[in-house]
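Notes for the one structure printed next.
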Amino acid sequence: MRIVDRDNFFGSVCEVFTVLTLGKIIFEAVVQDVFGNYQENLLVMFFLSLAAVFVLSQYYRFQKYPLLVCIAVQYAVLIALVMLITWSAGQFHPLHEDAFRDIFWSFTVPYAIGVVIYYILVFHEIKRANQNLKKIKEAVGSDKNKTG
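Numbering (this note's numbering), first residue to last: 2 to 149.
Shown next as C-alpha cells:
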C-alpha cells in the first residue's frame, strides 16, 4: 500500500470507497441474499465508470486524429455500450417508456463534464511536460557551451 499524501488523497478515498461499496454489494448478495435495484444500479454505475475511464485512457492511441473526432468516437462507443446495457436490461425487466432518453441524458451530461475536465488536465500536463523538456534542453545546451 502506498503512503497517502496530498497528491493522492482524493484518489485513495475513491479507491477505498469503491472497494467498500463493491464489498457491501457482494456481501448483501451472498450472505443476506439481497440483490435489488439499488445494488444493480451501483454495479452498472461502476462498470460504466470503468468503461468510460478505459475508453478515455486510450486517447494516446488516437493522437494522430483531430481531438474532436477522437472525443466523438469515444463518446459513440460509450453511448452505444450504455444503450446496449439498457436494451439488455429490458430483456429481463420492464423498462419505463422514457428509459432510453433518460439513460442518454443521465450518461451524457456527467460524461461531457468529465471529458472537459479530463482533457483540460491532459493538455495542462502535456504543457507542463513540454516546459520541463524545454528547460532540460536549455540546461544541456548551456552545459555544452561551457565545455565546448
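Where a beta carbon is used, it is the ideal one built from N, C-alpha and C, also for glycine.
Computed from a prediction, not measured in an experiment: that's the story for all the values here.
Buried/exposed call for residue i, threshold 16 Cβ in 10 Å
i    : result
L122 : exposed
F108 : buried
I72  : buried
V83  : buried
L49  : buried
I104 : buried
Coil, strand or helix - residue i by DSSP
i   : result
G91 : helix
E29 : helix
Y66 : coil
L4  : According to the sequence shown, residue 4 is Ile rather than Leu. The answer is coil: DSSP assigns I4 none of H, G, I, E or B.
N1  : No answer is possible for residue 1: the residues shown for the chain start at 2 and end at 149.
Expected contact under 8 Å - CB spacing of residue i and residue j to nearest Å
i  : j   : result
Q1 : L57 : What is shown of the chain runs 2 to 149, which leaves residue 1 out entirely.
Selection from the options that minimises the alpha carbon distance to residue i
i    : options              : result
A113 : I127, F28, V54, L21  : V54
I26  : C15, K135, L44, H125 : L44
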